[in-house]
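Worksheet: one structure, shown below.
Numbering (mature numbering (1 follows the signal peptide of the UniProt record, and there is no 0)), first residue to last: -19 to -1, 1 to 91.
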């Protein structure tokens, strides 16, 4: 029951904005991709949406399942998370998933 409540609340907090984040290198330049750490759960619909977004935009990420992996459980406790997804973009925390908010945080640099 509490999983359903958390998932419902997180769903209400997200937006359905769709945009592409694709870095463009300049001549001879290299691009540093921001590090994306993603704490998730298999039953979480918003986690699935975030994962699909990352994959469809070729955004590299490291995912930890908070129920199935020790790293996920420990991170979830360490950051005192109240729900999933919990996402860090170069150390900047994002509770839940919003494309608009993610785009603000995810800024590849040369």
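Idealized CB from N, CA, C, for every residue including glycine.
*asked:* Applying the 10 Å Cβ sphere with the 16-neighbour rule, what's the burial state of residue 72?
replied: As a first step, residue 72 must be located in the chain shown, where it is residue number 91. Result: exposed.
*Distance, residue 90 Cα to residue 32 Cα*: Working through the chain shown from its first residue, we reach residue 32 at position 51. Working through the chain shown from its first residue, we reach residue 90 at position 109. Residue 32 and residue 90: Cα-Cα distance of roughly 22 Å.
*Note down, in chain order, each residue of its chain lying with its Cβ closer than 7 Å to the Cβ of residue 66, except the 5 sequence neighbours on either side.*
One-based indexing of the chain shown puts residue 66 at position 85. Answer for residue 66: 19, 20, 21, 25, 27, 28, 31, 77 and 78, listed in chain order.
*asked:* Between the alpha carbons of residue 46 and residue 13, how many angstroms are there, rounded?
replied: Within the chain shown, numbered from 1, the residue matching residue 46 stands at position 65. Within the chain shown, numbered from 1, the residue matching residue 13 stands at position 32. Computed Cα separation, rounded: 26 Å.
*Tell me whether residue 17 sits in a helix, a strand or coil according to DSSP, three-state version.*
The residue labelled residue 17 in the question sits at position 36 within the chain shown. Residue 17: strand per DSSP, three-state reduction.
*asked:* Counting C-beta neighbours from all protein chains within 10 Å, is the total for residue 82 16 or more, i.e. buried, or is it exposed?
replied: As a working note, residue 82 is residue 101 in the chain shown. By the 10 Å Cβ count, residue 82 comes out buried.
*Quick one: is residue 15 buried, meaning 16 or more other Cβ sit within 10 Å of its Cβ, or exposed?*
Mapped onto the chain shown, residue 15 falls at position 34. Result: buried.
*Taking C-alpha atoms, which residue in 11, 40 and 36 lies nearest to residue 87?*
By one-based count along the chain shown, residue 87 stands at place 106. Nearest of 11, 40 and 36 to residue 87, Cα basis: 40.
*Can you grab the Cα-Cα spacing for the pair residue 48 / residue 61, in whole Å?*
For the purposes of this step, residue 48 is taken as the residue at position 67 of the chain shown. For the purposes of this step, residue 61 is taken as the residue at position 80 of the chain shown. Going by the C-alpha atoms only, they are around 15 Å apart.
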